[in-house]
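So the sequence shown is numbered by this note's numbering: it starts at -13 and just counts up by one. Structure record follows, encoded as structure tokens.
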Amino acid sequence: MAPGARALGPARRWQWLLNPDAPVPAVRCECGPNCATPAAHPTGPAVTSAAEVRAAWDVNEPPNIVLACGVRFDVIRVGGQVAAESEKILAAWRVAPAIALTATAVVQRLLFVAPGEPVELPAGADYLGRGGWVPAPPSSRGPAGEDRWFWSYETRWRTLPSAADVALAVWLADREVRRFRDGLLPRRSGPLRA
């Protein structure tokens, strides 16, 4: 079964809006080497009925599935060391967003949060609300591999945290990473406190 087809079960269970994706990139995204979101380009409107789902994915090479942000969830996308530090802070605070890992050159975390107003984030982090799209794990990134859930979505979707809470963790992580990089702070083993 294609990775995109495997993503259908959770998406239907949680009533996410599903869209067929552009074809899986063979080497890199078809929109160019600088694309920030390879494999996250919807090719049509959201599918809502079982017949539409079968028609879209009952083919020899089914496309990935992309999920529409801004309805059931929004996403904070962050990468590198800031993402790793953010996870530590969120775990210490017992704030539990669903997290997906991207199979991109620089692994990014997709932190799923409750939908709402966009929040300000440090450079290098993005807020994806209404009009944004993310590939549904385990969607394929071609030769790079498949996106995957970091923590089980099953236990994390009951109540998504607010974007403000997650953004605060990202800001604190960004500050710590910059201070360490600038030689102002030794590497900490534990998370920062707000």
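All C-beta atoms, glycine included, are put in the ideal place defined by N, C-alpha and C. In this text, all values refer to a predicted model and were calculated from it rather than measured experimentally.
Run of the beta strand (DSSP E) containing G65, from where it starts to where it stops
D60 to G65
For P11, does the count of other Cβ atoms within 10 angstroms reach 16, so buried, or fall short, so exposed?
Bear in mind that the predicted position of P11 carries a pLDDT of just 49, short of 50, making it unreliable; the figure below should be weighed with that in mind. With 16 or more other Cβ atoms within 10 Å, it is buried.
Given 8 Å as the limit, is there contact between the stretch 108 to 117 and the stretch 82 to 91, that is, 3 or more CB pairs closer than that?
no
Tell me which residue opens and which closes the beta strand (DSSP E) that L87 is part of.
A84 to L87
Could you tell me whether any Cβ in chain B is nearer than 8 Å to the Cβ of R58?
In summary, chain B is missing from the structure at hand, where a single protein chain is found.
A54, DSSP secondary structure in three states
strand
Assuming the contact rule is C-beta atoms closer than 8 Å, G65 and V93 should be a hit. Round their C-beta distance to whole Å, please.
7 Å
Nearest residue (CA-CA) to G128, options E47, L158 and R58:
Of the candidates E47, L158 and R58, E47 places its Cα closest to the Cα of G128.
Length of the line joining the Cα atoms of W119 and H27
7 Å
In this structure, does DSSP put S148 in helix, strand or coil?
coil
In the DSSP assignment, what residue or residues form a beta bridge with L97?
I62 and I85
Taking the CB atoms as reference points, tell me whether V163 and E71 lie closer together than 8 Å.
yes
Could you give the first and the last residue of the continuous beta strand (DSSP E) run that contains A111?
A111 to L114
Mapping the DSSP letters down to three states, classify V105 as helix, strand or coil.
coil
Helix, strand or coil for P123 per DSSP?
coil
In whole angstroms, what separates the C-alpha of A32 from that of L97?
22 Å
A159 and I51 look like a contact to me (Cβ under 8 Å); what is the Cβ gap, rounded to whole Å?
Actually they do not touch by this definition, with Cβ atoms about 29 Å apart.
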